[in-house]
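Undergrad: Let me give you the structure first, and then I'll get to my questions.
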Amino acid sequence: MGKNYDAIVVGAGAVGGAVAYYLSELGLSVALLDENAIASGASAHATGFLSNTYDYDSNPNINEALFDSSELFDKDIPRINELSQIDTLPVVRPGLRLAASESEVAILKARVEFSKSRHRYPFEFLTGDETRKLDQRLSDGILASGYIPQETQIDSYKFTLALAVASEKMGTEVHQRKVVDLIKNGGKVSGVICESEKIYGDNVILCGGLGSNSLMSALGLNVDITPLKGQSIRLRYSGQPLGFHFGGVDSWHLIHRGDNLISAGSTSEFDNYEEPPNQKATQEIMEWVMFVMPELDEAQIVETMYGFRPMSPDNLPIVGPLSSLKNVYIATGHGHKGIHLSLISGRIIADFILKGYSDYNNDFMSPSRFIS
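Its first residue numbered 1, the sequence shown is counted upward by one per residue in my numbering.
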């Protein structure tokens, strides 16, 4: 390609799509590259649950980033849907985090106290009886819950595809290319080397998830993005639709999607690099589903989903400019929260390219913590 782009985005998952979207919205010329199809990685199989709960109590910065990204979804999803002409199937409902043990009850109570000091999204403690009054199908084994007034779930594949299509409508060029190295010139990067050509650009953003390791190593980053397998199932249920986005205290979800299927899961399987869907994981999911709502034994499993989430060594995303080399930015390692944090990650990268800083706090996500 003889063209010199303002920005080259490597990786066409949800995060890369969000970066391309916000950069093209600013009027920059953008090339969005991926060796596979759009949303071919974890973004295609994610739950798409924008969980506004306090499940990262130990790091309030993550909570703030999640809340900020939720607000971006509320503001920008209508335009993304309109530009792309793709319905991302957003479903907005109250949320309930269900406690199955006394230790989980204690965690919920601590999160309620934590929420009072943050003043963002309310988080209210309910007893087991109060919880069952909201849905009488819930089991007697539920000891308590945390109530969230509003949460959103979207179709992660349609959302990721919508970002890429909306970006194209604003001028982004999408190319199926495998990036094998970076073009470095005197302390800065001026493009990427693909298997069959070089592509030049003023800024390069690495958003390749599990495929980012070799490129980050070439940049001097001492970081290894590892896969965390997640498996979920989708159920067809003819009964009354679920009126809440249900979740466990530390894991699990039970959500009635916009396509009228129920999503249930998801497992977290470390050190599992390639195993396909398995019956053991499905059984674990269904045991939790039956514990929460025994009536769902009438539901039919119609689909099994699985993917590999890109996890950073400290379980925090890596988002921001690389201090050791000009014009290079990283946005990867989002783990369980890739869909949820995609928009704020895209906004942060666009801010840095446009004005050299972001109004959003990204210090705790800075790639500098991994410079050798």
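Yeah, the Cβ is synthetic: ideal placement off N, Cα and C, and Gly gets one too.
1) Looking only at its own chain, which residues have a Cβ that is under 8 Å from the Cβ of L215, when we skip the five neighbours before and after it?
2) Quick test of the definition: if touching needs 3 or more C-beta pairs under 8 Å, does the stretch 320-338 touch the stretch 347-367?
3) On a Cα-Cα basis, can you pick out the residue from T304, K116, V165 and R347 that is closest to L235?
4) Nearest-angstrom Cα distance between G243 and R93?
5) With distances taken between CB atoms, is the gap from A42 to G307 smaller than 7 Å?
6) What does the alpha-carbon distance come out to for the pair T47 and I349?
7) With DSSP as the reference, identify every bridge partner of D34, one or two as the case may be.
8) I'd like to know whether the C-beta atoms of S345 and A331 end up nearer to each other than 7 Å.
9) Decide if K355 is buried, meaning its Cβ has at least 16 other Cβ atoms within 10 Å, or exposed.
10) Between the C-alpha atoms of P317 and L210, what's the straight-line distance to the nearest angstrom?
11) CB of S214 to nearest heavy atom of the ligand SAH: below 6 Å?
12) Does the beta-carbon of N81 have 16 or more other beta-carbons within 10 angstroms, so that it is buried, or is it exposed?
13) Taking contact to mean at least 3 C-beta pairs separated by less than 8 Å, is the stretch 164-179 in contact with the stretch 149-156?
14) According to DSSP, is A39 helix, strand or coil?
15) Residue range of the alpha helix (DSSP H) that A331 falls in?
16) How would you call M290, buried or exposed, if buried means at least 16 neighbouring beta carbons within 10 angstroms?
17) From the DSSP output, in three-state form, read off F246 for me.
18) In the DSSP assignment, find the unbroken beta strand (DSSP E) run with T47 in it and report its ends.
19) To the nearest whole angstrom, what separates the beta carbons of G141 and A100, a pair I think is in contact under 8 Å?
20) Output the residue ranges of the alpha helix (DSSP H) runs that lie fully inside the stretch 101-164 and measure 4 residues or longer, sorted by chain position.
21) Leaving aside the five residues before and after F73 along the sequence, list all residues of the same chain whose C-beta is less than 7 Å from its C-beta, in chain order.
22) Leaving out five residues on either side along the sequence, give the residues of the same chain with a beta carbon under 7 Å from the beta carbon of Y56.
23) With distance defined between alpha-carbon atoms, name the residue in S268, S238, V249 and E287 nearest to N260.
24) Can you tell me whether R137 is buried or exposed? The criterion is at least 16 other CB atoms within 10 Å of its CB, across all chains shown.
25) Is the beta carbon of A299 less than 7 Å from the beta carbon of I285?
26) Measuring straight from C-alpha to C-alpha, what distance separates L134 and I255?
27) Report the residue from F114, G333 and L161 whose alpha carbon sits nearest the alpha carbon of P310.
28) Go ahead and pull the three-state DSSP assignment for K3.
TA: Let me lay it out:
1) Answer for L215: V10, V179, D181, L182, L206 and G208, listed in chain order.
2) Flag = yes, the stretch 320-338 and the stretch 347-367 touch.
3) L235 has its Cα closest to that of T304, out of T304, K116, V165 and R347.
4) In a straight line, the C-alpha of G243 is about 7 Å away from that of R93.
5) Yes.
6) Pairing T47 with I349, the inter-Cα distance amounts to about 24 Å.
7) The partner list for D34 (beta bridge, DSSP) reads Q176.
8) Contact annotation: S345 and A331 have beta-carbon atoms nearer than 7 Å.
9) Looking at its Cβ environment, which holds fewer than 16 other Cβ atoms inside 10 Å, K355 is exposed.
10) Approximately 13 Å, taken between the alpha carbons.
11) In the structure on display, the ligand SAH does not appear, and there are no ligands present to speak of.
12) Looking at its Cβ environment, which holds 16 or more other Cβ atoms inside 10 Å, N81 is buried.
13) Output reads no: the stretch 149-156 does not touch the stretch 164-179.
14) Under the three-state reduction of DSSP, A39 is assigned to coil, being neither helix nor strand.
15) In the DSSP assignment, A331 falls outside any alpha helix (DSSP H) and within the unbroken beta strand (DSSP E) covering V328 to T332.
16) So M290 ends up on the exposed side.
17) Reduced to three states, the DSSP call for F246 is strand.
18) According to the DSSP assignment, T47 belongs to no beta strand (DSSP E), since it is labelled neither H nor E.
19) With a beta-carbon spacing of about 6 Å, G141 and A100 fall inside the 8 Å limit used to define contacts.
20) The qualifying runs are 102-118 and 128-134.
21) L50, T152 and L343, listed in sequence order.
22) Summary for Y56: the model assigns pLDDT 48, below 50, so the residue's position carries little reliability; its value from the coordinates is reported in the next sentence. Annotation for Y56: I62 and N63 place their beta carbon closer than 7 Å to its own, counting only its chain and skipping 5 residues before and after.
23) It is S238.
24) So R137 ends up on the exposed side.
25) Cβ distance not < 7 Å, so A299 and I285 don't count as in contact.
26) Rounded to the nearest angstrom, the two C-alpha atoms are 15 Å apart.
27) When only C-alpha atoms are compared, the closest one is G333.
28) Correct three-state label for K3: coil.
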